[in-house]
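A.B. asks: A single structure is presented below for examination.
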Amino acid sequence: MPRPCVFFDRDGIVNASPGPAAYVETPDAFHLLPAFVEALRVVTERDWAAVLITNQRGVHLGRMTEDDLAAIHLKLIGLLDEEGLGLDGIYACTEGDNAHPDRKPNPGLLLRAARDLDLDLPRSWMIGDSERDIEAGRRAGCATTVRVSPKGTSTAATWRVDGMDEVPGLLDRELGRG
184 MPRPCVFFDR DGIVNASPGP AAYVETPDAF HLLPAFVEAL RVVTERDWAA
234 VLITNQRGVH LGRMTEDDLA AIHLKLIGLL DEEGLGLDGI YACTEGDNAH
284 PDRKPNPGLL LRAARDLDLD LPRSWMIGDS ERDIEAGRRA GCATTVRVSP
334 KGTSTAATWR VDGMDEVPGL LDRELGRG
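In this text, residue positions in the sequence shown follow this note's numbering: the first is 184, and each later residue adds one.
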């Protein structure tokens, strides 16, 4: 039976964002956010799937290689393993063309994950820090979207929170309702 999923963007949600014009290019530059670990723990305790969905244009631009990206994600997997946690999948779009079906705000990665992992999109959530993330979730048919952004930011998301530290409590209160 298909499981609901919480899809997470990466930079700014899973790890500290290096800034809008910068890229996490090496494992040493990847710093896991404790609030993400707490959020993932809630998702895991509810027996929901958890999937990372990320645009990684830095590969297309030559700022890093596919091997660099794989090494960063191996570090993530190792850090989560130390916490007794894991992800059901990591899906990355390295294309630079905004029209590519996998590049958010397009829903290709979410749709592929749903097929690969037998996920229930109409009960799923997308959590990100940009409108691209929110739009991808909406286009994929996710029931709920959450934007992590400063107060006063306009958004089409179902929920807006000021920071990742608010996400675990939101998930704890709201996952599985409705």
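Backbone N, C-alpha and C define an ideal beta-carbon position, used for all residues, glycine too. These numbers were taken from a predicted model, which means no experiment stands behind them.
#1: Can you tell me whether DSSP reads L215 as helix, strand or coil?
#2: When you compare each of R356, D280, A212, N238 to A377 by their alpha carbons, which one comes out closest?
#3: When DSSP labels each residue in this structure, what does G346 get in the three-state scheme?
#4: Does the distance from the CB of E208 to the CB of H243 come in under 8 angstroms?
#5: Can at least three beta-carbon pairs, one atom from the region 302-322 and one from the region 245-264, be found at a separation below 8 angstroms?
#6: Please return the same chain residues whose Cβ sits closer than 8 angstroms to the Cβ of D355, not counting the five positions on each side in sequence.
#7: Might you give, ordered along the chain, the residues of its own chain that have their beta carbon closer than 6 angstroms to the beta carbon of H214, omitting 5 neighbours on each side?
#8: So is R330 buried or exposed if we call it buried at 16+ other beta carbons inside 10 Å?
#9: Excluding sequence positions up to five away, which residues of its chain have a Cβ less than 7 angstroms from the Cβ of D192?
#10: Starting from the Cα of E266, find the closest Cα among R298, C325, E221 and give me that residue.
#11: Are the CB atoms of A326 and P351 nearer to each other than 8 angstroms?
#12: Excluding sequence positions up to five away, which residues of its chain have a Cβ less than 7 angstroms from the Cβ of T377?
#13: What's the gap between the Cα of D280 and the Cα of G245?
#14: Closer than 7 angstroms by C-beta to V344: which residues in its own chain qualify, once you throw out the five before and the five after it? Chain order, please.
#15: Along the chain, where does the beta strand (DSSP E) that runs through R298 open and close?
C.D. replies: Quick look at the numbers:
#1: In the three-state reduction of the DSSP assignment, L215 falls in the strand class.
#2: With the chain represented from 184 up to 361, any question about residue 377 goes unanswered, as that position is not in the structure.
#3: G346: coil per DSSP, three-state reduction.
#4: For E208 and H243, no; Cβs fall outside 8 angstroms.
#5: With the cut-off at 8 angstroms, the region 302-322 and the region 245-264 do not touch.
#6: Excluding residues within five positions, the ones whose Cβ falls inside 8 angstroms are V225.
#7: Within the same chain, H214 has close Cβ partners N198, A199.
#8: When all chains shown are included, R330 counts as buried.
#9: Taken in chain order, the residues that qualify are I236, T237, I310, G311, D312, D316.
#10: Nearest of R298, C325, E221 to E266, Cα basis: E221.
#11: No, these two residues do not count as a Cβ contact at 8 angstroms.
#12: Nothing can be reported for residue 377, as the shown portion of the chain is limited to 184 through 361.
#13: Rounded to whole angstroms, the separation of the alpha carbons of G245 and D280 is 14 angstroms.
#14: Excluding positions up to five away in sequence, the list reads V329, V331, V350, L353.
#15: Annotation: R298 is outside any beta strand (DSSP E); the continuous alpha helix (DSSP H) that includes it extends over 291-300.
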